[in-house]
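*Asks:* Quick one: this structure, given as structure tokens, is what I'll be asking you about.
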Amino acid sequence: EQKQRGSPNQCFLPTTMLSSCARRTRGIITTKRLPSQSIKNNHTIKLYFSSNTSNLQETVNAAPPPPPQNNDNNTTTTTTTHFGYQNVPISEKESKVREVFESVAESYDVMNDLMSGGLHRVWKDELCRMTGLAATSRALRSSYLGTSSNNLDFKILDVAGGTGDVAFRFIDAMNCVERAKSSGVDNLSVTVCDINTEMLRVGERRARERFGSDIIDSSQSLSFRQGNAQCLPFDDGTFDLYTIAFGLRNVTDVDAALRDAYRVLKPGGRYLCLEFSNVDNALLKQVYDAYSFHVIPTIGQVVAGDSKSYQYLVESIRKFGTQEQLKGRMVEAGFENVGYTNMTGGIVAVHEGWKPL
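First residue of the sequence shown: 763, per my numbering; consecutive thereafter.
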């Protein structure tokens, strides 16, 4: 199926400009809204693979190992949580996840290419398109011309984005490198927040190599900050846009992370989460599971010398939950107009929601 494209002129403006427009206007200038009145089940479907599966094998001999049985169904215990298919004390998961990403930091983006056949780039490009940042930044920068006071800003927080792969797309979309050639601090900025210092180190080094140091040291369009998604080191109502790509499933307490995302967003702010999700096609799921469990760990061993970390990453996807479950958790955290967009048959999904004005 062809990807459904929105208008290239669509954008959404910072909440400082939204306050006088209220909800009606916000629905007009956003890239996409998913009102339940117009979209059944409040979600849309996008496929980057053909829906015709006749050319796939009817059976896949290498089946993935089933997750271990858990007699309490993850509902009666308050002292353990999952780390892949293992049950570990809650107090230990954070350090175990940190060890995984310290191990794979240098080769993480290369591994993503190999694991997804380059599709992770398509998914992240689509996430960036959904933000509407290109049009938003043009509108804001045009509004600054001829004014002595640029009091409108637009702040983005990219959580679990240590290596900068998503943040760099935002920087390009907002033309921040060209802006860095001028004096003064840029009103448009991206803050990358990650719990892992090694991932942040790799990200900042890559940023300086790619964009130069002015974008970090002078215009401050891009910054890197260590922090935990469950208790972010930022004041209430700081950011216009919060994004997290392939990181939410690694958080010890997902609901706490959603609540803190809500806290740091400004009223009218937008939340976008790109995450592996639930495949709804039985044949595609069979092929995908076989590839995940029997190929990806092997690639990890060959490329990064570390199969266990990638085995965890595969298992963590299966333990994360479905699209509808995450949607419900976002609603519980307080977000409104919550919806999701499936990509590649549900291998990944983008969930979005808004903090009420």
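Don't be surprised by glycine CBs; every beta carbon is placed ideally from N, CA and C.
Nearest to S944 by CA position, among F930, S1078, I1006, I977, is which residue?
*Replies:* Measuring from the Cα of S944, the nearest candidate turns out to be I977.
*Asks:* Do three or more CB pairs link the segment 987-999 to the segment 1009-1028 at distances below 8 angstroms?
*Replies:* Yes, the segment 987-999 is in contact with the segment 1009-1028.
*Asks:* I think L962 touches Q988, with their Cβ atoms under 8 angstroms apart; what is that distance to the nearest whole Å?
*Replies:* Contact flag correct, Cβ pair sits at about 6 angstroms.
*Asks:* Along the chain, which unbroken stretches of the beta strand (DSSP E) at least 3 residues long are found entirely within the segment 960-1042?
*Replies:* 984-988, 1001-1007, 1027-1038, all fully within the segment 960-1042.
*Asks:* So, is V947 buried or exposed, given that buried needs 16 or more other C-beta atoms within 10 angstroms?
*Replies:* Its Cβ having fewer than 16 others within 10 Å, V947 is exposed.
*Asks:* Run through DSSP, which three-state label would A1111 get?
*Replies:* Of the three classes helix, strand and coil, the one that applies to A1111 here is strand, per DSSP.
*Asks:* Using beta-carbon positions only, say whether S985 and A942 come within less than 7 angstroms of one another.
*Replies:* Taking 7 angstroms as the Cβ cut-off, S985 and A942 do not qualify as a contacting pair.
*Asks:* Determine the burial state of D1084: buried for a count of at least 16 other Cβ atoms within 10 Å of its Cβ, exposed for fewer.
*Replies:* According to the sequence provided, residue 1084 is Thr. The question's Asp does not apply to it. Result: exposed.
*Asks:* Give the DSSP-derived three-state secondary structure of V1119 in the structure shown.
*Replies:* Correcting the residue type first, residue 1119 is Leu in the shown sequence and not Val. The answer is coil: DSSP assigns L1119 none of H, G, I, E or B.
*Asks:* Below 6 angstroms CB to CB, which residues in the same chain sit around P1118 once its five sequence neighbours on both sides are set aside?
*Replies:* So the qualifying residues of the chain are E1098.
*Asks:* Classify K1081 as helix, strand or coil using the three-state DSSP reduction.
*Replies:* Helix.
*Asks:* So what does DSSP say about T893, is it helix, strand or coil?
*Replies:* It is helical.
*Asks:* Between the C-alpha atoms of G1067 and M877, what's the straight-line distance to the nearest angstrom?
*Replies:* Cα-Cα distance, rounded: 15 angstroms.
*Asks:* For W1116 and R1021, which I take to be in contact (beta-carbon distance under 8 angstroms), what is that distance rounded to the nearest angstrom?
*Replies:* The Cβ separation is near 15 angstroms, so there is no contact.
*Asks:* Whose CA, out of R1080, V1057, E1077, lies closest to the CA of M873?
*Replies:* Closest option to M873, Cα to Cα, is V1057.
*Asks:* For L994, collect the residues of the same chain with a Cβ closer than 6 angstroms to its Cβ; drop the 5 residues on either side in sequence, then sort them by chain order.
*Replies:* Correct list, in chain order: D1022, V1026.
*Asks:* So, with DSSP's three-state summary, where would you put Q772?
*Replies:* Reliability of the predicted coordinates at Q772 is poor, the pLDDT of 43 falling under 50, and the value obtained from them is presented with this limitation in mind. Correct three-state label for Q772: coil.
*Asks:* Within the same chain, show all residues whose beta-carbon is closer than 6 angstroms to that of S1069, passing over the 5 residues directly before and after it, in chain order.
*Replies:* Around S1069: P1059, G1062, Q1063.
*Asks:* Shortest alpha-carbon distance to V954 belongs to which of T898, F930, N1043?
*Replies:* Closest by alpha carbon: F930.
*Asks:* Below 8 angstroms on the Cβ atoms is my guess for T925 versus G965; work out the distance and round it to an integer in Å.
*Replies:* Confirmed, about 5 angstroms.
*Asks:* Does I1058 come out as helix, strand or coil in the three-state DSSP assignment?
*Replies:* I1058 falls in the helix class under three-state DSSP.
*Asks:* Starting from V915 and walking both ways along the beta strand (DSSP E), at which residues does that stretch end?
*Replies:* Note that residue 915 corresponds to Asp in the displayed sequence, not to Val. Counting along the chain, D915 falls outside any beta strand (DSSP E), and DSSP gives it neither H nor E.
*Asks:* Using the three-state DSSP reduction, which class does S1071 fall into: helix, strand or coil?
*Replies:* Looking at S1071 - three-state DSSP - the assignment turns out to be helix.
*Asks:* Run through DSSP, which three-state label would S899 get?
*Replies:* S899 falls in the helix class under three-state DSSP.
*Asks:* Does the distance from the CB of V1112 to the CB of T1103 come in under 7 angstroms?
*Replies:* Their beta carbons are under 7 angstroms apart, which means V1112 touches T1103 by this criterion.
*Asks:* Give me whichever residues DSSP pairs with C955 in a beta bridge.
*Replies:* V921, R987.
*Asks:* Report the rounded CA-to-CA distance for L891 versus T841, giving the unit in angstroms.
*Replies:* The sequence shown places Arg at residue 891, not Leu. Between R891 and T841, the C-alpha separation is close to 40 angstroms.
*Asks:* Suppose contacts are defined by Cβ-Cβ distances below 7 angstroms. Is G1101 in contact with S1039 by that definition?
*Replies:* It is not a contact, given that the beta carbons lie outside the stated cut-off.
*Asks:* Considering Cα atoms alone, identify which of R903, A1019, I918 is closest to T893.
*Replies:* If we check each option's Cα against that of T893, I918 comes out closest.
*Asks:* By Cβ distance, which residues of its chain are closer than 7 angstroms to D1015, with the 5 residues on each side in sequence left out?
*Replies:* Same-chain partners within the cutoff: Q992.
*Asks:* Do you know how far the Cα of S1071 is from the Cα of R972?
*Replies:* Roughly 28 angstroms separates the two Cα atoms.
*Asks:* Assign N937 to one of three DSSP states: helix, strand, or coil.
*Replies:* In the structure shown, N937 sits in coil (DSSP, three-state: anything other than H, G, I, E or B).
*Asks:* With burial defined as no fewer than 16 other Cβ atoms inside 10 Å of the residue's Cβ, what is the status of R967: buried or exposed?
*Replies:* The residue in question, R967, is exposed, as its Cβ has fewer than 16 Cβ neighbours within 10 Å.
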